[in-house]
Amino acid sequence: MNIGAKLQRIAKMAKEHPSRAFTNLAHYIDLDFLREAFRLTRKDGAPGVDGVTGEAYEKDLEVNLQSLLDRFKSGTYRAPDVRRVHIPKGKGKTRPLGIPTFEDKVLQRAVAMILEAIYEQDFLPCSFGFRPGRSAHQALTKIRSELMGMKGGWVVEADIKDCFGAFEHEWIRKILNRRIRDGVLIRTIGKWLNAGIMEDGQRTKPTKGTPQGGVISPLLANVFLHEVLDVWFHRYAKPLIGGHAELVRFADDFVILCDRKADAERFYKGIFPRFEKFGLTLHPEKTKLVPFKRPPHGGPNESESWGFLGFTHYWSRSRKGYWVIFRKTMTSRLSRGLCDVAEWCRRNRHLPVRIQHQILSRKLLGHCAYYGITGNSVALQKFRSGMRNVWMKWLRRRSRAAFAKNWDWWARFFKRYALPPARAIHSVIPRNVANP
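Just so we're aligned: 581 in my numbering is position 106 of the sequence shown, and the numbers increase by one with no gaps anywhere.
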């Protein structure tokens with residue numbers, strides 16, 4: 476049986492029996508399954524504590540995978556320590572990122588493929604993060620269409636404090652136990668949860684949380700929040716209100732959209748004790764109730780802007796004079812992006828100008844691939860012009876004799892090394908198939 480047929484069989488059983496607990500899943504993971512997991516694992520990622528890269532692991536692939544399979548099936552596999560680094564988060568803050576060993580990533584990918592086949596049948600349409608065929612732009616489209624349909628409303632904007640690092644292991648095991656009772660898989664997941672963390676030469680043993688960076692972590696987070704938030708909202712909380720409400724969740728970020736203020740206030744008060752029950756805490760400053768009614772003809776009244784997934788949402792008039800919801804890049808994300816570009820230019824100003832131009836062009840295209848949505852052209856142009864100014868600044872510092880020129884010279888330079896245009900790639904306007 477090939478890999479696709481195995482996963483389809485598991486998914487079919489999970490869909491037909493939504494309350495079934497699977498007790499025999501490990502036998503689906505064989506050598507072919509691990510080969511596919513290896514194929515899906517990034518080979519250019521940073522190495523873990525053992526220093527083994529994907530390229531080095533591939534040199535003796537069959538022997539390595541067979542050894543991994545034997546240890547996994549016999550229960551002798553030991554989850555290696557996770558190397559922790561910190562990546563910039565903005566405003567001088569950092570986010571911890573766990574880097575497992577490459578072999579650990581392969582096994583995590585294999586187990587995640589099994590769990591995903593089951594839980595994709597359980598997950599609700601309101602969740603979008605780290606799921607196949609779903610993206611942040613779909614979540615943004617859902618939010619806009621819901622709020623436009625209800626002519627605005629009230630938004631409960633929530634932020635979970637240190638979500639990945641605060642999951643209670645006991646609760647994760649209880650929630651998994653409802654669907655997964657295969658001893659081999661449960662023990663392996665338990666080993667990943669208890670794996671040590673290496674940071675600056677010091678080893679610590681976590682008592683809760685899942686290290687960000689592991690392949691299995693986003694899936695475990697989705698399973699946890701599916702039970703804690705999604706199921707609670709749709710089965711228990713939403714039926715008790717009198718108006719219309721929708722939940723949109725992307726990984727650990729979520730908003731609740733309501734057409735009535737009383738319902739929004741009820742959700743706002745209810746989510747704090749709900750998360751506290753499972754050992755999670757909401758940021759009291761970042762979790763708030765935002766009025767977002769469509770402004771009357773006289774101008775904005777009961778409407779405040781709010782941010783979600785890197786975009787600020789606000790009401791404004793369209794070219795035809797109608798009140799519509801626009802999204803623009805959040806100021807903090809724009810500043811962070813330009814700071815990253817400046818740091819790259821500082822570190823790489825010795826590279827040939829042609830190479831710098833190629834890499835900066837890719838960075839700009841990558842920025843537009845996410846932030847390039849209809850109505851965000853001003854912020855896109857601001858990022859492009861900021862990137863050009865930063866590049867010019869560091870070229871001047873590289874060599875005043877070569878680059879300390881007048882504006883006419885720089886105009887000719889940027890004509891030769893022109894950055895790509897900042898364009899909106901994702902449109903909120905339905906495409907006319909008859910007249911594309």
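Heads up, the beta-carbon is just placed ideally off N, CA and C, and yes, glycines get one too.
Bear in mind the structure is a predicted one, so any value in this text is a computation, not a measurement.
Could you pull out every residue in the same chain whose Cβ sits closer than 6 angstroms to the Cβ of R609, ignoring the five residues on either side in sequence?
Answer for R609: F603, listed in chain order.
Taking Cβ positions, are L704 and L622 nearer each other than 8 angstroms?
Cβ atoms of L704 and L622: not closer than 8 angstroms.
May I have the straight-line CA-CA distance separating L722 from E702, to the nearest angstrom?
Going from the Cα of L722 to the Cα of E702 covers about 14 angstroms.
The alpha helix (DSSP H) with P912 in it runs from where to where?
Here the chain comprises residues numbered 476 to 911, so residue 912 is not present and cannot be evaluated.
Is the segment 623 to 638 touching the segment 528 to 536 in the sense that three or more CB pairs, one from each, lie closer than 8 angstroms?
With the rule of 3 Cβ pairs closer than 8 angstroms, the segment 528 to 536 does not count as touching the segment 623 to 638.
Give me whichever residues DSSP pairs with I655 in a beta bridge.
Looking at the DSSP assignment, I655 forms a beta bridge with F497.
Counted within 10 angstroms of its Cβ, other Cβ atoms place Y711 as buried (16 or more) or exposed
The residue in question, Y711, is exposed, as its Cβ has fewer than 16 Cβ neighbours within 10 Å.
Just grab the DSSP bridge partners of S778 for me.
Secondary-structure assignment with DSSP links S778 through a beta bridge to F767.
C-beta atoms of I589 and I485 nearer than 8 angstroms:
The beta carbons of I589 and I485 sit closer together than 8 angstroms.
Over what stretch of residues does the alpha helix (DSSP H) that includes G457 continue unbroken?
Shown here, the chain extends from 476 to 911; a query on residue 457 therefore has no answer.
Between the segment 551 to 565 and the segment 672 to 688, can you find at least three pairs of beta-carbon atoms closer than 8 angstroms?
With the rule of 3 Cβ pairs closer than 8 angstroms, the segment 672 to 688 counts as touching the segment 551 to 565.
Closer than 8 angstroms is the cut-off here; do at least three beta carbon pairs connect the segment 642 to 659 with the segment 793 to 809?
Too few Cβ pairs lie closer than 8 angstroms, so no.
Excluding the 5 residues preceding and the 5 following P575 in the sequence, name in chain order all residues of the same chain whose CB lies nearer than 6 angstroms to its CB.
Cβ neighbours of P575 beyond the five flanking positions: G523, V557, G689.
Could you tell me the boundaries of the alpha helix (DSSP H) in which F790 lies?
It should be noted that the sequence gives Trp, not Phe, for residue 790. DSSP places W790 outside any alpha helix (DSSP H); the residue lies instead in the beta strand (DSSP E), whose first and last residues are 786 to 792.
Does the segment 754 to 764 come within contact of the segment 639 to 648, defined as at least 3 CB pairs closer than 8 angstroms?
They touch, by the three-pair rule.
Are D727 and I647 close, meaning C-beta to C-beta below 8 angstroms?
Cβ atoms of D727 and I647: not closer than 8 angstroms.
For T551, count neighbouring Cβ atoms within 10 angstroms of its own Cβ and tell me buried if that reaches 16, exposed if not.
Here T551 is exposed. Its C-beta has fewer than 16 other C-beta atoms within 10 Å.
I'd like to know whether the C-beta atoms of V659 and K548 end up nearer to each other than 8 angstroms.
Closer than 8 angstroms, so yes.
DSSP on K666, reduced to helix/strand/coil?
In this structure, K666 counts as helix in the three-state DSSP scheme.
Delimiting residues of the beta strand (DSSP E) encompassing I618
In the DSSP assignment, I618 falls outside any beta strand (DSSP E) and lies within the alpha helix (DSSP H) extending over 611 to 624.
List in chain order: all unbroken beta strand (DSSP E) runs of 3+ residues lying wholly within the segment 829 to 876.
Taken in chain order, the segment 829 to 876 contains no complete beta strand (DSSP E) segment of 3 residues or longer.
Close-in-space but distant-in-sequence residues of the same chain around K418 (CB under 8 angstroms, 5 per side omitted)
Within the shown structure, residues of the chain are numbered from 476 to 911, placing residue 418 beyond reach of any answer.
Using alpha carbons as the reference points, say which of G684, A739, F729, P896 lies closest to L855.
The shortest Cα separation from L855 among G684, A739, F729, P896 belongs to P896.
In this structure, how does DSSP classify E818 when only helix, strand and coil are distinguished?
In the three-state reduction of the DSSP assignment, E818 falls in the helix class, which pools H, G and I.
Distance check for N539 and R802, CA to CA, integer angstroms please.
Looking at the two C-alpha atoms, the distance is approximately 48 angstroms.
For F889, does the count of other Cβ atoms within 10 angstroms reach 16, so buried, or fall short, so exposed?
With fewer than 16 other Cβ atoms within 10 Å, it is exposed.
Which whole-angstrom value describes the C-beta separation of V816 and K838, a residue pair presumed to lie in contact below a C-beta threshold of 8 angstroms?
For V816 against K838, the beta-carbon gap comes to about 6 angstroms, under 8 angstroms, which counts as contact.
Going by DSSP, which residues form a beta bridge with L755?
In DSSP, L755 forms no bridge with anything.
Who does A633 pair with in a DSSP beta bridge?
Answer is F729, bridged to A633.
Excluding the five sequence neighbours on either side, which residues of its own chain have a C-beta within less than 7 angstroms of the C-beta of K617, listed in chain order?
So the list reads V723, once near-sequence residues are dropped.
On the three-state DSSP scale, how would you describe G529?
Under the three-state reduction of DSSP, G529 is assigned to helix.
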